[in-house]
Amino acid sequence: MKKHRILLLAAVMVLFGCQTTPLPFLGPKKVDLTSMQTYQLSDQAIRNQERLQLILTEFKDEHGSEEAPNLASTMLKGQVERVIRDSGAELVNMDRAMREQLQKEIQLYEINGGSDYVPPKAANLAVGGVVHTAYVHTEFKPAHEENDILDGFNKKYVPDQCVITAKVAGSLSLYKVNPVGRAGDITFEGEDEMKSPNRCVEPSEAQKRTMLNRAMSNGLEKVDGALKTLIASRGHVVSARIDAETGKIYFQLSIKPINGAKPGVAVQFFEIENFEGAEIEQVISEGTVICSSKSNVLAYASLTDSTKQESIKKGTLVKLVFNNMNWWGHVKSAEIFKIGPLDLFGGCKP
């Protein structure tokens with residue numbers, strides 16, 4: 071019993087640390103934004119940031135799996151559509167003829183390394199994907215002993231079992247539309263596992279489809295943040311408030327919460343420099359969205375490095391950066407703004 075108590079204590083120390091910081095379930099500290107004074111920012115010219123409008127192009131199945139022949143055209147496409155909407159980007163429809171022409175130009179771009187085709191101004195980014203691996207594997211594992219990490223790495227007995235594993239792998243390709251050009255690539259792979267005691271029984275077709283779908287979902291979850299960052303909203307600093315007690319400045323963003331600027335999401339503050347005729351993004355500092363109004367109009371962010379606060383001006387460019395973390399991870403990295411008797415995560419007075 072004593073050994074188990076020691077292991078439990080060690081696990082708590084790993085999860086929450088040994089410092090005198092609040093435990094995650096107690097929530098972040100509250101900040102009363104409404105009592106803060108407006109902070110006067112120096113001005114700079116505001117550069118318009120084009121809001122991304124995305125179109126879904128071709129999603130191909132090249133895996134040869136009979137259990138789920140339409141993984142890309144159904145599951146992958148649907149998941150990508152969800153991520154786009156979650157990120158705050160706009161998903162637009164394009165008529166079939168225009169979409170087919172765009173897909174041909176993308177293929178020509180891959181072959182020739184360039185394209186002069188400029189489609190009508192319907193979207194500025196295209197997303198497509200392919201699933202090249204999808205299978206379900208069944209393996210019988212006879213009884214054996216293995217180390218138990220929850221019991222001080224003592225040996226434990228594992229009886230006969232059947233392990234069924236589903237694996238899915240593929241990639242997503244993003245292309246600029248005006249004119250056609252590559253914008254980025256993301257590869258993904260995921261798996262799902264099911265164990266049963268004793269002898270192996272071949273899973274049904276329905277079970278295989280379910281496992282492949284879960285494997286797909288698990289794989290895309292790992293790259294969720296990378297995809298959202300490629301299609302994330304951009305904007306600029308509008309105004310600021312300052313905490314007179316701590317000197318911390320909170321910057322209001324032009325990006326609305328409905329467009330992805332939600333509490334816990336990372337933000338890059340940057341400027342664009344011209345280098346030998348090419349525009350280069352130069353990061354000034356990074357921070358986090360810490361508050362959004364309940365009317366989904368305002369979003370405020372603070373800097374991770376407070377020494378860079380004076381470098382931020384009215385008009386400084388910003389873009390959202392998404393990490394591959396779950397909802398609770400975002401909540402823990404946000405602050406709670408005090409708005410009265412009914413305090414809510416991420417609330418601030420408009």
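The sequence shown maps to residues 71 to 420 in my numbering.
The C-beta atom is built at its ideal place from N, Cα and C for all residues, glycine as well.
When Leu-124, Thr-377, Leu-103 and Leu-111 are compared against Leu-244, the one with the closest alpha-carbon: The residue given as residue 244 occupies position 174 in the sequence shown. Closest by C-alpha distance to Leu-244, out of Leu-124, Thr-377, Leu-103 and Leu-111, is Leu-124.
If you draw a straight line from the C-alpha of Ile-323 to the C-alpha of Thr-280, how long is it? In the sequence shown, the residue the question calls residue 323 occupies position 253. In the sequence shown, the residue the question calls residue 280 occupies position 210. Note on identity: in this sequence residue 323 is Leu, with Ile being the wrong assignment. If I take the Cα positions, the gap works out to 42 Å.
Compare the C-alpha of Ser-372 against each of Ile-319, Val-271 and Asn-329 and name the closest. Along the sequence shown, read from residue 1 onward, the residue named residue 372 stands at position 302. Considering only alpha carbons, the answer is Ile-319.
Is DSSP giving Pro-273 helix, strand or coil here? In the sequence shown, residue 273 corresponds to position 203, counting from 1. Of the three classes helix, strand and coil, the one that applies to Pro-273 here is coil, per DSSP.
Can you name, in chain order, every residue of its own chain whose Cβ lies under 7 Å from the Cβ of Glu-349, other than the five neighbours on each side? The residue you call residue 349 lines up with position 279 of the sequence shown. Excluding sequence neighbours, Glu-349 sits near Ile-342.
Which two residues bound the contiguous alpha helix (DSSP H) that contains Leu-297? The count along the sequence shown starts at 1 and reaches residue 297 at position 227. In the DSSP assignment, Leu-297 falls within the unbroken alpha helix (DSSP H) covering 294-300.
Could you round the C-beta distance between Ile-325 and Gly-305 to whole angstroms and report it? I think they count as a contact, below 8 Å. In the sequence shown, counting from the first residue as 1, residue 325 sits at position 255. In the sequence shown, counting from the first residue as 1, residue 305 sits at position 235. About 4 Å; that satisfies the 8 Å criterion.
Would you list the one or two residues that DSSP bridges to Tyr-320? As a first step, residue 320 is located in the sequence shown; it is residue number 250 there, counting from the start. Within the DSSP secondary-structure output, Tyr-320 pairs in a beta bridge with Arg-311.
If you follow the alpha helix (DSSP H) that Asp-156 is part of, which residue opens it and which one closes it? Residue numbering aside, residue 156 sits at position 86 when the sequence shown is read from its first letter. It spans 147-157 - the alpha helix (DSSP H) in which Asp-156 sits, taken as one unbroken run.
Based on Cα-Cα distance, which residue from Ala-142, Ile-360 and Glu-136 lies nearest to Thr-127? Working through the sequence shown from its first residue, we reach residue 127 at position 57. Closest by alpha carbon: Ala-142.
Applying the criterion that 16 or more other CB atoms from any shown protein chain within 10 Å of the CB defines a buried residue, is Ala-276 buried or exposed? Within the sequence shown, the letter at position 206 stands for residue 276. Burial call: exposed.
Would you say the segment 227-242 touches the segment 195-206, given that touching needs at least three Cβ pairs under 8 Å? Short answer: they touch.
Cβ-based burial, Asp-218 [other Cβ within 10 Å; buried from 16]: Within the sequence shown, the letter at position 148 stands for residue 218. Counting Cβ neighbours within 10 Å, Asp-218 comes out exposed, since fewer than 16 surround it.
Per DSSP, what kind of secondary structure is Ile-176 in: helix, strand or coil? Here residue 176 refers to the residue found at position 106 when the sequence shown is read from its first residue. Ile-176: helix per DSSP, three-state reduction.
Below 8 Å CB to CB, which residues in the same chain sit around Glu-151 once its five sequence neighbours on both sides are set aside? Counting from 1 along the sequence shown, the entry for residue 151 is found at position 81. The answer, listed in chain order, is Leu-126 and Leu-161.
Could you tell me the alpha carbon to alpha carbon distance between Lys-225 and Val-293, rounded to whole angstroms? Translated into positions along the sequence shown, residue 225 becomes position 155. Translated into positions along the sequence shown, residue 293 becomes position 223. Rounded to the nearest angstrom, the two C-alpha atoms are 36 Å apart.
Tyr-370, buried or exposed, once every other Cβ within 10 Å from all chains shown has been counted against 16: One-based indexing of the sequence shown puts residue 370 at position 300. Tyr-370 sits buried, since 16 or more C-beta atoms from the chains shown fall within 10 Å of its C-beta.
When DSSP labels each residue in this structure, what does Leu-111 get in the three-state scheme? In the sequence shown, the residue the question calls residue 111 occupies position 41. If DSSP states are grouped into helix, strand and coil, Leu-111 belongs with coil.
Let's see if you can read the secondary structure: which residues bound the beta strand (DSSP E) around Leu-242? Stepping through the sequence shown from its first residue, residue 242 is reached at position 172. For Leu-242, the enclosing beta strand (DSSP E) starts and ends at 231-246.
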